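Let me begin by presenting the structure, written as structure tokens, before commenting on it.
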Amino acid sequence: MAHVQSITALPLLDLAQLDGSPQQRRQFLDELRLAARHIGFFYLTGHGIDRDLLAQVQQQARAFFALPEADKRAVGMLNSPHFRGYNRAASEITRGQPDLREQFDVGAEREPLPAAQYPAAWARLQGPNQWPPALPQLKPLVLGWQQAMTQMALRLLRAFAQALSLPENAFDALYGDKPNEHIKLIRYPGRHAQQSRQGVGAHKDSGFLGFLLQDQQAGLQVEVEEGRWIDAVPRPDTLVVNIGELLELASNGYLRATVHRVVSPPVGSERLSLAFFLGAQLDAVVPVYQLAPELLRDAHGPESDPRNPLLRDVGWNYLKGRLRSHPDVAQRFYADATLPEALSA
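Note that UniProt numbering has the sequence shown beginning at 1, numbered continuously upward.
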């Protein structure tokens, strides 16, 4: 792996190498560890997600965004205490500024947790999704894609454990039978010259791993070192993978959750992104895993932004991000919620 100052493009990893010879497997694990350590982002090929399925989800996402405004607003996130549903462009906030993107958020399709048994505010994050009646195929298709992505993501997460010289099942207890499965269907409209360039502002992701299926329109940028950004240009038949805060916490900062952003496309064009995020179950607490001595010397603790402190209590860490990004939903359903100060990493 090149020194960070010489990195001008994201590395390409092939997940199929896990099923190859012992040498190929070892090579993949080494490349995985180094990519996650030095950049926190990479392209993934050989992921096994059916190409036709991905194309169908893209088609349905475009069909959703083409619906009349009234149909989209009928499944608006403002209706959902679970932060599920549609947001019009400029309604989500990142670092205090509106993001010029419209999106549809989907989580794991589960029943709400009973408040008497789970009184913490983060427990309200679990619950059903909203689905537009005008697109009956959207629900089975997106949930089928969610299931396929979860299985692939868990396979990669176990590879991360091995890459860190931990037992393959080291992270299993953190996600159990209720991993946090979050999907965003995202459309970035073209911007006029006088509009903000912020498709989505600079941020880190809060879970274990993020996966992004891009279309042909560029826009995603990764901060490989402070103030220096590189383009994650679209590459056919790949997913862009990034490390989330949970892996940075679990590895005591050895792995890197990297700041990234999206620059809006120019007027007359648009950008479609399908994002899948794998995280831990809401009631998990992330421990610091004991790394091998040769890795431990490079684990200097996670980088916790005072404006966005990392929390080892998973439910609170997720809720913190949701409240900040969606102040309208926060005001409607979480006016009583306060984050415990003692939970910072």
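By construction, the Cβ of each residue, glycine as well, lies at the ideal position given by its N, Cα and C atoms.
Here the structure is a predicted model, which is why all the values come from computation and not from measurement.
Taking the alpha carbon of residue i as the reference point, which residue from the options has its own alpha carbon closest?
i: G199; options: F211, Q59, Q60 and I186; result: I186
i: V222; options: Q214, Q195, L174 and K204; result: K204
i: N169; options: G176, S80, S206 and R158; result: R158
i: A284; options: G268, R26, L249 and A257; result: L249
i: L255; options: Q27, A16, P22 and G40; result: G40
i: S183; options: Y175, G190 and V142; result: One point to set straight first is that residue 183 is Ile, not Ser, in the sequence displayed. If we check each option's Cα against that of I183, V142 comes out closest.
i: F171; options: G48, Y43, R312 and Y289; result: Y289
i: R332; options: S21, V57, P81 and L12; result: P81
i: Y118; options: G227, N180 and L282; result: L282
i: D231; options: S251, S264 and T94; result: S264
i: V329; options: G201, S269, Q56 and L125; result: L125
i: A299; options: S251, L78, Q151 and A61; result: S251
i: N242; options: F277, P234, R228 and V233; result: F277
i: F64; options: L274, L310 and E303; result: L274
i: E69; options: Q60, Q56 and R88; result: R88
i: E111; options: I93, Q58, Q130 and Q97; result: Q130
Taking the straight line between their C-alpha atoms, what separation do you get for residue i and residue j?
i: G219; j: I7; result: 18 Å
i: E294; j: G127; result: 43 Å
i: A161; j: R324; result: 31 Å
i: G76; j: G321; result: 19 Å
i: R101; j: A173; result: 35 Å
i: G301; j: G253; result: 4 Å
i: Y318; j: D52; result: 32 Å
i: D99; j: P327; result: 13 Å
i: residue 346; j: L54; result: Past the boundaries of the shown model lies residue 346; the chain is included only from 1 to 345, so the question cannot be answered.
i: A120; j: P340; result: 11 Å
i: T45; j: L13; result: 6 Å
i: G207; j: Q23; result: 30 Å
i: Y86; j: Q103; result: 6 Å
i: P287; j: Y334; result: 27 Å
i: L29; j: A163; result: 5 Å
i: W316; j: D50; result: 34 Å
i: P266; j: A115; result: 46 Å
i: G107; j: H260; result: 22 Å
i: N180; j: V314; result: 10 Å
i: A140; j: A134; result: This sequence places Pro at residue 140; Ala is not what is there. Straight-line Cα distance between these residues: approximately 14 Å.
i: A292; j: E303; result: 21 Å
i: D336; j: Q214; result: 38 Å
i: T338; j: D105; result: 24 Å
Three-state secondary structure (DSSP) at residue i?
i: E168; result: coil
i: W316; result: helix
i: T8; result: coil
i: V57; result: helix
i: Q146; result: helix
i: P119; result: coil
i: N87; result: strand
i: H38; result: helix
i: E245; result: helix
i: R124; result: helix
i: A202; result: strand
i: D19; result: helix
i: P340; result: coil
i: E69; result: helix
i: Q214; result: strand
i: F104; result: strand
i: Q97; result: strand
i: D50; result: coil
i: P189; result: strand
i: K184; result: strand
Under 8 Å by Cβ, that's how I've got residue i and residue j pegged, so tell me the actual separation to the nearest angstrom.
i: R25; j: L34; result: No, R25 and L34 are not in contact; Cβ-Cβ is about 15 Å, not under 8 Å.
i: G244; j: G279; result: 7 Å
i: Y188; j: R73; result: Not confirmed; about 19 Å, so no contact.
i: P132; j: L67; result: 6 Å
i: A153; j: L209; result: 6 Å
i: L239; j: F211; result: 5 Å
i: Q60; j: Q137; result: 6 Å
Closer than 7 Å: is that where the CB of residue i sits relative to any heavy atom of the ligand FAD?
i: L278; result: The ligand FAD is not part of the structure shown, which contains no ligands of any sort.
Q: Just list the alpha helix (DSSP H) runs in the segment 253 to 335, keeping only unbroken ones of 4 residues or longer that don't cross its boundaries, in chain order.
A: 293 to 296, 314 to 325 and 327 to 333
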